[in-house]
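Below is one structure, written out as structure tokens; the observations come after it.
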Amino acid sequence: MIGTERPWALSGVFHAERFWREPGLSQLPQLADKQAERMVAAMDELMFCLARPGDYVLTRQPMHAAHLDYLFHIGFDFHNEVCDTEDENGGSGELPLLPAACSFRPFAVLPHHKRLSELLGIAYCEPEPSIIQRVNGKCYSAAMRTRLELANPARVAFSAAEVFMLAQAMLEKSPVLLKDDYGVSGKGILRVNEEAALRRIVGYLAAQEEQGCHTRLIIEPLLPKTLDFSALLHLSKDGELRVESVQQMLNKDFAFRGIMTPNASFVRELEETGYPELMERIGREMHRDGYWGDICVDSMRLEGNEWTPIVEINARKSMSHMKNGIDAFVAASGMQALFTHYPLAYKSKPSYEQLLDRLSRKKLLFERMAGKPGILPLSANTLLAGGGLEAQGRGRLYAAIVYRTEEQCRETEKLLEEIFAELELRLLN
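Spelled out as structure tokens, the structure:
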């Protein structure tokens, strides 16, 4: 093993927005989903995608032994340690013993992470929590459009009455999106098509205001998008910006579906619009506001070849960073990867060992040395998260489809779905 000069302690909390929103902020209606919460809590295992040789991946529960064996077999080299970084004390057990040279590298910076890094005895260098909170709000993203003199159809409402007034006016021309300032991954965003639905939502907000809550929602018209994409940036503490990649997003109903590498013609087209220069301007403005670190800028292409360069700014790592890590891993084989996930339902808790064995026997399991296309499973605990909660459990398998041609990718996914059926794992929409 080749050790890193300063190993990273990689931490993943994938619902950081709940730590950033201030108390007393009203919320849009949403359904509680305990199984989904357990899946999200287990997503910290995905941080291995960013690990370099000798790094440490901190997870709430141990990574699955069979999954670790497979990852080490194909060439990943990291340490897995149990530490709940969502808890300011690292969880209920003993804290792991990490080298003092470690540098804390979270998916998203939480208010208590500085204290936790001190307890772990490792280095910490992140902006102040108040800055992290500010730049991650959707209001900040909307304001950045105006700041950079971009088209900005968004309006911010500070009361239920104002939500109704602004949204009702927009509904005359198109459906409307209501966005929570700290909503995450499809939650905290509602599409409204008619006034009757708007009135029900406004009533829900007004009831919270009567209990002492305050409202802050972004109101936007639904734009006719044809493609979602994201730019990954890294802003150093001294203000130097690095554009790491552009990734095409596959979203469905505002929720993440997958990530693929955009083709060369799209990248050239993007460059011609001045997109890279705009990303540099965003970096300069964010550094002026006191931020440094990882940035993911979500963007859209619209019908008529119009562009919305800032849909949302996420001042943290993103799923596209995981895709970047896998791209680097498979690049030596001359292939690329589709980063995706499969929501699955099952009557009894599945066997992860059986899934790997079935993939292997069908010659679908990615083997780096063989240099052949295949499936690289990226998670295990997210798949098993629903076991034991209900008569029908639900889980989520994250995977990279490694391929040379899009036809290979489609064929591999089709064969994978056949394996799901054989194992009595029902693929959900």
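Numbered continuously in our numbering, the sequence shown closes out at residue 718. For glycine and all other residues, C-beta sits at the position ideal for the given N, C-alpha and C.
Would Arg434 pass as a contact of Asn441 if the rule is Cβ separation under 7 Å?
yes
Is the CB-CB distance between Ala446 and Ile508 below 7 Å?
yes
Assuming Gln681 and Ala634 make a contact with CB atoms under 8 Å, what is their CB distance in whole Å?
Their Cβ separation, rounded to whole angstroms, is 6 Å, which keeps Gln681 and Ala634 in contact under 8 Å.
Between Phe393 and Ile421, what straight-line distance do the alpha-carbon atoms span, to the nearest angstrom?
16 Å
Compute the Euclidean distance between the alpha carbons of Thr348 and Met336, then round it to the nearest angstrom.
9 Å
Rounded to a whole number of angstroms, what is the C-alpha to C-alpha distance between Cys585 and Asn378?
If you take the alpha carbons of Cys585 and Asn378, they lie about 29 Å apart.
Closest by CA to Gly796, which one among Phe303, Arg310, Ile411 and Pro418?
In the structure displayed, the chain extends from 290 to 718; residue 796 sits before or after that span and is not available.
Could you check what DSSP says for Met538 in three-state terms: helix, strand or coil?
strand
Just grab the DSSP bridge partners of Ala626 for me.
Val691
Would you mind reading off the limits of the beta strand (DSSP E) that contains Met597?
One detail in the question is off: residue 597 reads as Thr in this sequence, not Met. Per DSSP, Thr597 belongs to the beta strand (DSSP E) from Glu595 to Asn603.
Assign Gln643 to one of two classes, buried (16 or more other C-beta atoms within 10 Å of its C-beta) or exposed (fewer than that).
Gln643 comes out exposed.
When burial is assigned at 16 or more other CB atoms within 10 Å of the CB, is Asn482 buried or exposed?
exposed
Let me know if Leu320 comes out buried or exposed under the rule of 16 or more other beta-carbons within 10 Å of its beta-carbon.
exposed
With distances taken between CB atoms, is the gap from Ser609 to Leu521 smaller than 7 Å?
yes
Are Thr374 and Ser300 touching if we call contact CB-CB under 7 Å?
yes
Return yes when the Cβ of Met459 is within less than 7 Å of the Cβ of Val465, no when it is not.
yes
Are the C-beta atoms of Cys372 and some chain D residue less than 7 Å apart?
Reference to chain D is not applicable here, since this structure consists of a single protein chain.
Counting along the chain, where does the beta strand (DSSP E) carrying Pro551 start and finish?
No beta strand (DSSP E) contains Pro551, which DSSP labels as neither H nor E.
Excluding sequence positions up to five away, which residues of its chain have a Cβ less than 8 Å from the Cβ of Arg404?
Glu377
I'd like the ranges of any beta strand (DSSP E) spanning at least 3 consecutive residues and lying wholly in the segment 623-662.
DSSP runs (the beta strand (DSSP E)) wholly in the segment 623-662: 625-635.
Just the C-alpha distance for Leu399 and Leu665, rounded to the nearest angstrom, thanks.
30 Å
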